[in-house]
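See below for the structure under consideration.
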Amino acid sequence: MNIQQIASTPFTDQKPGTSGLRKKVTVFQTPHYLENFVQAIFNCATELKGNMLILGGDGRYYNSDAIQTILKIAVANGISHIKIGRGGLLSTPAVSHLIRKYRAAGGIILSASHNPGGPDGDFGIKYNATNGGPADTKFTDQVFANSMTISGYRIAEMDNISLATAGQFQFGETLVEIIDPVSDYADLMEELFDFGQMKRLLGSEGFSICFDAMHAITGPYATEIFQQRLNAAAGSVINAQPLEDFGGGHPDPNLIYAKELVARLNQGDNSPNLGAASDGDGDRYMIIGPNFFVNPSDCLAIMTANSHLLAGYQAGLKGVARSLPTSRAVDKVAAALGIECYETPTGWKYFGNLLDDGRITLCGEESFGSGSDHIREKDGVWAVLFWLNLVAIKGQSIEEITRAHWARFGRHYYSRHDYEGLDSHAAEAVMAALRIRVKNLAGTHLAGHAVSSADDFSYTDPVDNSITDRQGIRIIFEDESRILFRLSGTGTEGATLRLYLERYEPDPTMHQLETQAALAAMAAIAGEVAQLKEHLGRDQPDIIT
Ligand code: VG1
Ligand code: CO
9 MNIQQIASTP FTDQKPGTSG LRKKVTVFQT PHYLENFVQA IFNCATELKG NMLILGGDGR
69 YYNSDAIQTI LKIAVANGIS HIKIGRGGLL STPAVSHLIR KYRAAGGIIL SASHNPGGPD
129 GDFGIKYNAT NGGPADTKFT DQVFANSMTI SGYRIAEMDN ISLATAGQFQ FGETLVEIID
189 PVSDYADLME ELFDFGQMKR LLGSEGFSIC FDAMHAITGP YATEIFQQRL NAAAGSVINA
249 QPLEDFGGGH PDPNLIYAKE LVARLNQGDN SPNLGAASDG DGDRYMIIGP NFFVNPSDCL
309 AIMTANSHLL AGYQAGLKGV ARSLPTSRAV DKVAAALGIE CYETPTGWKY FGNLLDDGRI
369 TLCGEESFGS GSDHIREKDG VWAVLFWLNL VAIKGQSIEE ITRAHWARFG RHYYSRHDYE
429 GLDSHAAEAV MAALRIRVKN LAGTHLAGHA VSSADDFSYT DPVDNSITDR QGIRIIFEDE
489 SRILFRLSGT GTEGATLRLY LERYEPDPTM HQLETQAALA AMAAIAGEVA QLKEHLGRDQ
549 PDIIT
């Protein structure tokens, strides 16, 4: 095997964000761009040498090309065994599971998650460590530093391999294996949930589901699990074929982008009983019932309150965690159960230590992500199975389960307002002004609401004591309402300001309000405190979820 050493010069913008390095496809296609970054990963993750690497992606445009390149660099860097999903496909949760199951040293996932794909769309690369979870900030900082001084990369001189069928190839010291992307993951799901129970429900008269894979990675997973193993009717999984451009859509499972699913669920008597969708790389999900949406923060709370009913979680929960912007619905449940509830910065990597240290069993984010200690990523198909199994056990609809939960714990009205495509300086100016403003807010009133505390969130990891600061401005009111501001770390163009609004309502007679109406007062306070109109020239968000 001939190994070439190619000289290259650093790119200065290879700093990973909330979830890996995300750029336009055209940026990744710049000569040496992908190669430099991958070499930087191998330079830093020295444990990969002589060990196993898992490699796959969400099937978006440039996925296959990138896999061929990464494979050659991996061979040149002495990786002894590389498992690649057939067709170059692997969901993010599947990679996490494969790393753990086969004790791989790490995994590379090619995805920009919910960002659109295609030649003009986005591409991304994430590195997951030995525990199966997203590499921590310490590691991604090292990779960034390495990318800034890199002088070249090693690459094996070999032909492209066929990814189309399962098989094994030997290249020098490296065994390359093309594997079925679905079966290991589907087997894991069978260990966690009662497939017999769900099969009976799906076989019963008048019960059906619709899973919208949005032409992204979960198509093959959902088809195997729901239609093959659980006998859901043919056609229960829609948009099941992964496409390079996601069929021109935006693989983001929310009420705005999963339009086809929402229409099917809102067609009256013919509606399926449970609707679900997931994102580009399969770690996000949305759950809906006929004319009923469950916000992801409530999902986490409902899972926490009911997990003891499910086969894989009967031992009880060690604790739970949520990201800062996620509503505090789960906090109420944790308090009732007498378990710890941790609050972490945005991004799944912060849950890793808590999971590895046995402090938590469930965790989640407001951005349509929930997960458990079965892997080290959020997991869309797992979450849908959790809900389906719960519906089978309780014999109640999605709406009934949710309303009963609110009646018991109170309702947290919650919404995220995104201001997209902002000039980065203007967005930074909003945050800088807020950092100063919040210093003097505690003890004052904003539009008649007493502020109990206000700060810029700083997180001290309870396991390794590392500190992550400046993670978001939070304003907490005495009536348990909350306003948060932070800048997105996953975009590829300009800046996105996220405003998170929350209001707690314990009174069941007040649980019928429309969400935006319920949060109007908080939205007005937020606009005023952050002076959005003055800084951004606008005070209406682009996207409301
Ligand atoms: C967003 C979400 C965050 C999530 C991240 C990755 O980050 O807010 O909760 O962990 O995306 O999700 P940001 O920095 O843009 O707010 V994904 O599905 O890559 O799968
Ligand atoms: Co995702």
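Sequential numbering of the sequence shown, starting at 9, is according to the working numbering. The C-beta atom is built at its ideal place from N, Cα and C for all residues, glycine as well.
C-beta atoms of residue i and residue j nearer than 9 angstroms
{"i": "His-122", "j": "Arg-292", "result": "yes"}
{"i": "Leu-61", "j": "Ile-116", "result": "yes"}
{"i": "Thr-138", "j": "Ala-112", "result": "yes"}
{"i": "Pro-261", "j": "Ala-240", "result": "no"}
{"i": "Ala-441", "j": "Gly-451", "result": "no"}
{"i": "Arg-68", "j": "Gly-114", "result": "no"}
{"i": "Thr-100", "j": "Ser-119", "result": "yes"}
{"i": "Arg-384", "j": "Ser-104", "result": "yes"}
{"i": "Glu-428", "j": "Gly-355", "result": "no"}
{"i": "Met-294", "j": "Phe-301", "result": "yes"}
{"i": "Ile-92", "j": "Leu-196", "result": "no"}
{"i": "Ala-532", "j": "Gln-524", "result": "no"}
{"i": "His-40", "j": "Tyr-161", "result": "yes"}
{"i": "Asn-397", "j": "Gln-205", "result": "yes"}
Range covered by the beta strand (DSSP E) that runs through residue i
{"i": "Thr-226", "result": "Thr-226 -> not in any beta strand (DSSP E); alpha helix (DSSP H) instead, spanning 226-230."}
{"i": "Ala-534", "result": "Segment 528-538 is the alpha helix (DSSP H) holding Ala-534; no beta strand (DSSP E) there."}
{"i": "Leu-509", "result": "503-513"}
{"i": "Arg-162", "result": "160-164"}
{"i": "Ala-415", "result": "Taken as a continuous stretch (DSSP letters only), Ala-415 belongs to no beta strand (DSSP E), being part of the alpha helix (DSSP H) at 406-417."}
{"i": "Asp-220", "result": "217-220"}
{"i": "Ile-11", "result": "11-15"}
Sequence-distant residues of its chain with Cβ nearer than 8 angstroms to residue i (five each side left out)
{"i": "Gln-520", "result": "none"}
{"i": "Val-438", "result": "Phe-493, Leu-505, Ala-538, Gln-539, Leu-540, His-543 and Leu-544"}
{"i": "Leu-430", "result": "Gly-502, Ala-503, Thr-504, Leu-505 and Leu-544"}
{"i": "Phe-215", "result": "Leu-209 and Asn-281"}
{"i": "His-413", "result": "Asp-306, Ala-309, Ile-310 and Ala-313"}
{"i": "Gln-479", "result": "Leu-332, Pro-353, Thr-354, Asp-464, Phe-465, Ser-466, Tyr-467 and Arg-494"}
Residues that DSSP places opposite residue i in a beta bridge
{"i": "Lys-32", "result": "Asp-130"}
{"i": "His-433", "result": "Paired residues: none, contrary to the question."}
{"i": "His-543", "result": "BP columns for His-543 are empty, so no partner."}
{"i": "Gly-379", "result": "Cys-371"}
{"i": "Gly-65", "result": "Leu-97 and Leu-118"}
{"i": "Lys-57", "result": "Ile-87"}
{"i": "Arg-384", "result": "In the DSSP output, where bridge partners are listed per residue, Arg-384 has none listed."}
{"i": "Ile-401", "result": "Partner(s): none; Ile-401 has no beta bridge."}
{"i": "Asp-195", "result": "In the DSSP output, where bridge partners are listed per residue, Asp-195 has none listed."}
{"i": "Ser-423", "result": "Leu-509"}
{"i": "Gln-178", "result": "Leu-183"}
{"i": "Gln-548", "result": "None; Gln-548 has no bridge partner."}
{"i": "Pro-349", "result": "Correcting the residue identity first, residue 349 is Cys in this sequence and not Pro. Val-328."}
{"i": "Gly-355", "result": "Gly-355 is not bridged to any residue."}
{"i": "Gln-76", "result": "According to DSSP, which records beta bridges pairwise, Gln-76 is partnered with nothing at all."}
{"i": "Gly-243", "result": "BP columns for Gly-243 are empty, so no partner."}
{"i": "Ala-25", "result": "In the sequence on display, residue 25 carries Gly and not Ala. Paired residues: Gly-28."}
Beta-carbon contacts of residue i that lie in its chain and below 6 angstroms, excluding the five residues immediately before and after
{"i": "Gln-555", "result": "With the chain covering only 9 through 553, there is no way to say anything about residue 555."}
{"i": "Ile-246", "result": "Asp-220"}
{"i": "Leu-507", "result": "His-425, Phe-493 and Ala-534"}
{"i": "Lys-340", "result": "Phe-417"}
{"i": "Tyr-358", "result": "Thr-352"}
{"i": "Arg-595", "result": "Outside the shown range of the chain (9 to 553) lies residue 595, about which nothing can therefore be said."}
{"i": "Asp-381", "result": "Leu-363 and Thr-369"}
{"i": "Gly-288", "result": "Asp-66, Ser-119, Ser-121, His-122, Ala-224 and Pro-259"}
{"i": "Gly-227", "result": "Ala-221, Ala-248, Gln-249 and Pro-250"}
Residue i: first and last residue of the uninterrupted alpha helix (DSSP H) it sits in
{"i": "Val-184", "result": "Run containing Val-184: none in the alpha helix (DSSP H); it sits in the beta strand (DSSP E), 182-187."}
{"i": "Ala-48", "result": "41-52"}
{"i": "Phe-203", "result": "203-211"}
{"i": "Asp-364", "result": "360-364"}
Chain B within 9 angstroms of residue i, Cβ atoms only
{"i": "Ile-133", "result": "Within the model displayed, chain B is absent; a lone protein chain is all it includes."}
Close beta carbons around residue i, own chain, < 7 angstroms, minus the five adjacent residues each side
{"i": "Gly-86", "result": "Lys-57, Gly-58 and Glu-181"}
{"i": "Ala-242", "result": "Gln-235"}
{"i": "Lys-109", "result": "Asp-192"}
{"i": "Ala-554", "result": "This structure gives no information on residue 554, because the portion of the chain shown stretches from 9 to 553."}
Which ranges does the beta strand (DSSP E) cover as unbroken runs of at least 3 residues, wholly within the region 270-340, from first to last along the chain? The region 270-340 contains, as complete beta strand (DSSP E) runs of 3+ residues, the segments 282-286, 293-297 and 327-331 (chain order).
- [ ] Could I get the ranges of all uninterrupted alpha helix (DSSP H) runs contained in the region 430-498, with 4 residues as the minimum, in chain order?
- [x] 432-445, all fully within the region 430-498.
Quick one: complete alpha helix (DSSP H) runs, 4+ long, within the region 80-158? Annotation note: the region 80-158 contains the following uninterrupted alpha helix (DSSP H) runs of length 4 or greater, listed N- to C-terminal: 100-109 and 145-157.
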